[in-house]
Amino acid sequence: MCLRKVLGLRSEILISLSVLVVSGLLFAGLFLLKIAENELIEERIQTTLSSLQGMTALVRVDHGGLIFLQEIDWLFRQMNLAADAAVYTLVDAEVQRRAGQGPELADPADLRRTAFQGTSLVRVSRPAGWYGFFPGAAGGYFDVYQPLVFEGSIEGVLFGRFSLNGIAQRMVPAQTAIFVLIFGFGGVLIAFGTYVLGRSVVLPARRLMQATSRVAAGDLGVNVPVDGPREISELAASFNAMTRALQESRAQTQETIAGLHQANAELEKARRHLVRSEKMAAVGNLAAGIAHEIGNPLGAALGYLDLAQAGPRSPETEDLLARAGRELRRIDLLVRDLLDFASPRDAAPEVLEPVAVAREAAQLLEHQGIFQEVGLENVLPPRLPEVLATRHKLLQVLVNLLLNARDACIGNGGRVRLEGKVVGGEICLIVRDEGPGLPPGLEERIFDPFFTTKEPGKGRGLGLFFCHKVIEESGGRMEVSSRPGEGACFQVFLPVAGEDARHV
């Protein structure tokens, strides 16, 4: 990739073309040289065979046998055939060596086959490895097994190994000429290709590159000359068509953007109207929820007052009247909480003992007869570490959770269980019920405003939302876990405050 960035189009094309042409010419030259070399080797083999076959006609003896073989050996040396045959062996009809020069290299099997069949046998050996595929490679030779026949009878076999180095030396000048021709032709091709490519390809490509840079800078009115070879001219025409299409697209885009700005303005106006409508609906639901929350303490207060008015005042009556006063004060605090929700202000939390608040919430509902149909099992510990929270808000959270648990158990049987424990550096108040539980997937939505699982008219979906908000304002958190048919478990976590935090 780096080399392509350095080289230009002309250089890359020329280098690729030169490599291909030179490689093709070199392959063709070596192929032709190899054919010529094979022809020379075949000619050499035929000449050698003719000389060996002609020796038997020159022998002047009366009968065959050892004298005949000695005459063949003498003729072989006189005809200078031994000069090329560094190794040769002369055997009789029984394949017994009678004369020779150099080590014994003849294959006994080939000697016997030649003596038996009476036909010449030639084996050619090339240099080992890839080197042997190239013409002019030294080290090649061929073996000749020539039967010696006297008056129709095979008297012996002449084996000779003849070197091919002479032919390899004859190929060297041809190789030099081939290389000179290839590189000379390659140089002419490169020079001519440089001129043709520069005029037909490189110059039009540079014009296109410059025009592309102008288009990238925003000038869509640029055009390039439509000339040069067919592909280059078609490319230039396509470039000009592209710039015209871009100009038309830019105009359409500007019109579309203007339309989108207008549509966005209208959508923003509609969104503001929708937000106002949603706020009005939320205020209505919030008012209904507050009326629902106020109904419970107000009903309790009215009940206490009716009991107080039914008979003479006694210490118990005084207690009932005191409870009625507390419930009426809770009504006032709920109204204040509504105002705080609309316009948040800093609350006034206090250090309190959570078990006492939880017991108070349970006793309050029990005195009202809320748990007559559903049993309440209070298993709170004697004491838990103190927490920092707003007392009446924590009380309202627990009352809401207990009422929801009671509603879940009505008609389904089961009990409500109130627990408390310490988890890490937090206290945990737990409200369990044995109702039908929550449908799968609702745990994440249960604290959303206006979300309820109760029937229409029985809940507004604000109770758990306010509970979650109150606990978060106190630095805690609420969690819910449930399985269908196994009830629900709501856990209120609050951080330990004061001196108790050091001992947790």
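Letter by letter, the sequence shown follows residues 9 to 512 in the numbering used here. Ideal Cβ positions, reconstructed from N, Cα and C, are used throughout, including at glycine. In this text, all values refer to a predicted model and were calculated from it rather than measured experimentally.
With distance defined between alpha-carbon atoms, name the residue in Ala-332, Ala-94 and Gly-72 nearest to Leu-113.
The residue you call residue 113 lines up with position 105 of the sequence shown. It is Ala-94.
In three-state terms, what does DSSP make of Val-363?
Locating residue 363 in the sequence shown gives position 355, counting from the first residue. Of the three classes helix, strand and coil, the one that applies to Val-363 here is helix, per DSSP.
Using the C-alpha atoms, what's the distance from Cys-417 back to Gln-380?
Stepping through the sequence shown from its first residue, residue 380 is reached at position 372. Stepping through the sequence shown from its first residue, residue 417 is reached at position 409. Taking C-alpha positions only, Gln-380 is separated from Cys-417 by approximately 12 Å.
With Leu-403 and Ala-369 assumed to form a contact (beta carbons below 8 Å), what rounded beta-carbon distance in angstroms separates them?
Translated into positions along the sequence shown, residue 403 becomes position 395. Translated into positions along the sequence shown, residue 369 becomes position 361. So it is a contact: roughly 5 Å between Cβ atoms.
Pull the bridge partners of Ile-438 from the DSSP assignment, please.
By 1-based counting over the sequence shown, the position of residue 438 is 430. Its beta-bridge partners are Glu-427 and Gln-499.
Specify the secondary structure class of Ile-23 as computed by DSSP and reduced to three states.
Reading the sequence shown from its first residue, position 15 is the one you call residue 23. Helix at Ile-23.
Nearest-angstrom Cα distance between Arg-105 and Ile-175?
Position 97 of the sequence shown, counted from the start, is the residue given in the question as residue 105. Position 167 of the sequence shown, counted from the start, is the residue given in the question as residue 175. Separation of Arg-105 and Ile-175 (C-alpha to C-alpha, rounded to the nearest whole angstrom) is 30 Å.
Can you check which of these residues, Ile-21, Ala-101 and Ser-26, is closest to Gly-192 by C-alpha distance?
Position 184 of the sequence shown, counted from the first residue, corresponds to residue 192. Checking every option, the nearest Cα to that of Gly-192 belongs to Ser-26.
Completely contained beta strand (DSSP E) runs for the segment 103-184, where each covers 3 or more residues:
105-109, 129-133, 149-158 and 161-171
Ala-146 vs Pro-135 beta-carbon contact at 8 Å
Position 138 of the sequence shown, counting from 1, holds the residue named residue 146. Position 127 of the sequence shown, counting from 1, holds the residue named residue 135. Yes, Cβ-Cβ distance for Ala-146 and Pro-135 is below 8 Å.
List the endpoints of the continuous alpha helix (DSSP H) containing Leu-403.
For the purposes of this step, residue 403 is identified with residue 395 of the sequence shown, where counting begins at 1. From DSSP, the alpha helix (DSSP H) with Leu-403 extends over 399-417.
Out of curiosity, what's the CA-to-CA distance linking Glu-494 and Gly-445?
Position 486 of the sequence shown, counting from 1, holds the residue named residue 494. Position 437 of the sequence shown, counting from 1, holds the residue named residue 445. So the two alpha carbons sit approximately 6 Å from each other.
I think Gly-543 touches Phe-501, with their Cβ atoms under 8 Å apart; what is that distance to the nearest whole Å?
Only positions 9 to 512 of the chain appear in the structure, and residue 543 is not among them; the question remains open.
C-alpha gap between Pro-233 and Thr-202, whole angstroms
As a working mapping, residue 233 is identified with position 225 in the sequence shown. As a working mapping, residue 202 is identified with position 194 in the sequence shown. Their Cα atoms are separated by approximately 22 Å.
Could you tell me which of Arg-222, Gly-168, Arg-399 and Leu-172 sits nearest to Tyr-149, measuring between CA atoms?
For the purposes of this step, residue 149 is identified with residue 141 of the sequence shown, where counting begins at 1. Nearest option by C-alpha distance: Leu-172.
Neighbourhood of Glu-358 by C-beta distance below 8 Å, restricted to the same chain and skipping five residues each side
As a first step, residue 358 must be located in the sequence shown, where it is residue number 350. Leu-396, Ala-397, Thr-398 and Arg-399, listed in sequence order.
Would you kindly work out how many angstroms separate the C-alpha atoms of Asp-327 and His-375, rounded to a whole number?
Within the sequence shown, numbered from 1, the residue matching residue 327 stands at position 319. Within the sequence shown, numbered from 1, the residue matching residue 375 stands at position 367. So the alpha carbons of these two residues sit roughly 12 Å apart.
When we look at the beta-carbon of Pro-116 and count the other beta-carbons within 10 Å, is it buried (16 or more) or exposed?
The residue you call residue 116 lines up with position 108 of the sequence shown. Result: exposed.
is_contact[Val-365, chain D] using C-beta, thresh 8 Å:
Chain labels in this structure do not include chain D; a single protein chain is all it has.
What is the DSSP secondary structure of Asn-420, reduced to helix, strand or coil?
Here residue 420 refers to the residue found at position 412 when the sequence shown is read from its first residue. Three-state result, Asn-420: coil.
Rounded distance between the beta-carbons of Tyr-96 and Ser-128, thought under 8 Å
For this step, residue 128 is matched to residue 120 along the sequence shown. For this step, residue 96 is matched to residue 88 along the sequence shown. Not a contact, Cβ separation roughly 15 Å.
Given Gln-255, which residues of its chain have a CB within under 8 Å of its CB, disregarding the five upstream and five downstream residues?
Position 247 of the sequence shown holds residue 255. Leu-228 and Gly-229.
Given a threshold of 16 other Cβ atoms within 10 Å of its Cβ, counted over all protein chains shown, does Thr-64 qualify as buried or as exposed?
Within the sequence shown, numbered from 1, the residue matching residue 64 stands at position 56. Under this definition Thr-64 is a buried residue.
From Arg-331, Asp-81 and Phe-124, pick the residue whose C-alpha is nearest to that of Ala-107; which is it?
On the sequence shown, residue 107 is found 99 positions in, with the first residue counted as 1. Just measuring C-alpha positions, the residue of Arg-331, Asp-81 and Phe-124 sitting nearest Ala-107 is Asp-81.
Same chain, Cβ closer than 6 Å to Phe-349, neighbours up to 5 away in sequence not counted
The count along the sequence shown starts at 1 and reaches residue 349 at position 341. Reliability of the predicted coordinates at Phe-349 is poor, the pLDDT of 48 falling under 50, and the value obtained from them is presented with this limitation in mind. Counting only Cβ-Cβ distances below 6 Å, and skipping sequence neighbours, we find nothing.
Would you mind sorting Leu-426 into buried or exposed? The rule is 16 or more other CB atoms within 10 Å of its CB.
Here the question's residue 426 lines up with position 418 in the sequence shown. Counting Cβ neighbours within 10 Å, Leu-426 comes out buried, since at least 16 surround it.
Cβ separation of Ala-505 and Glu-394, assumed to be a contact under 8 Å, to the nearest whole Å
Residue numbering aside, residue 505 sits at position 497 when the sequence shown is read from its first letter. Residue numbering aside, residue 394 sits at position 386 when the sequence shown is read from its first letter. Contact holds; Cβ gap of about 6 Å.
List the whole-angstrom C-beta distance separating Cys-436 from Gly-428, where the pair is believed to meet the contact cut-off of C-beta under 8 Å.
Residue 436 sits at position 428 when you count from the first residue of the sequence shown. Residue 428 sits at position 420 when you count from the first residue of the sequence shown. Contact holds; Cβ gap of about 7 Å.
Have a look at Glu-451 and Val-439 and give me their C-alpha separation to the nearest angstrom.
Locating residue 451 in the sequence shown gives position 443, counting from the first residue. Locating residue 439 in the sequence shown gives position 431, counting from the first residue. Cα to Cα, the separation comes out at about 15 Å.
Counting only runs that start and end within the segment 209-286, where is the alpha helix (DSSP H) found for 4 or more residues in a row?
Listed in chain order, the complete alpha helix (DSSP H) runs (minimum 4 residues) inside the segment 209-286 are 211-224.
Please confirm if the segment 42-59 is in contact with the segment 27-34, defined as three or more CB-CB distances below 8 Å between the two stretches.
no
What residues in its chain sit with their C-beta under 6 Å from that of Pro-143, if we drop five residues either side in the sequence?
For the purposes of this step, residue 143 is identified with residue 135 of the sequence shown, where counting begins at 1. Leu-41, Lys-42, Glu-45 and Met-179.
Kindly identify the DSSP beta-bridge partner or partners of Thr-97.
Numbered from its first residue, the sequence shown carries residue 97 at position 89. Per DSSP, Gly-108 and Phe-167.
Spell out the partners DSSP gives Met-87 in its beta bridges.
In the sequence shown, the residue the question calls residue 87 occupies position 79. Met-87 pairs with nothing; no bridge assigned.
Chain-order list of residues whose beta-carbon lies under 8 Å from that of Lys-287 (same chain, five-residue window excluded):
Residue 287 sits at position 279 when you count from the first residue of the sequence shown. With a pLDDT of only 42 at Lys-287, under 50, the local geometry of the prediction cannot be trusted, and the value read off the model is given with reservation. The answer is none, since no qualifying residue turns up.
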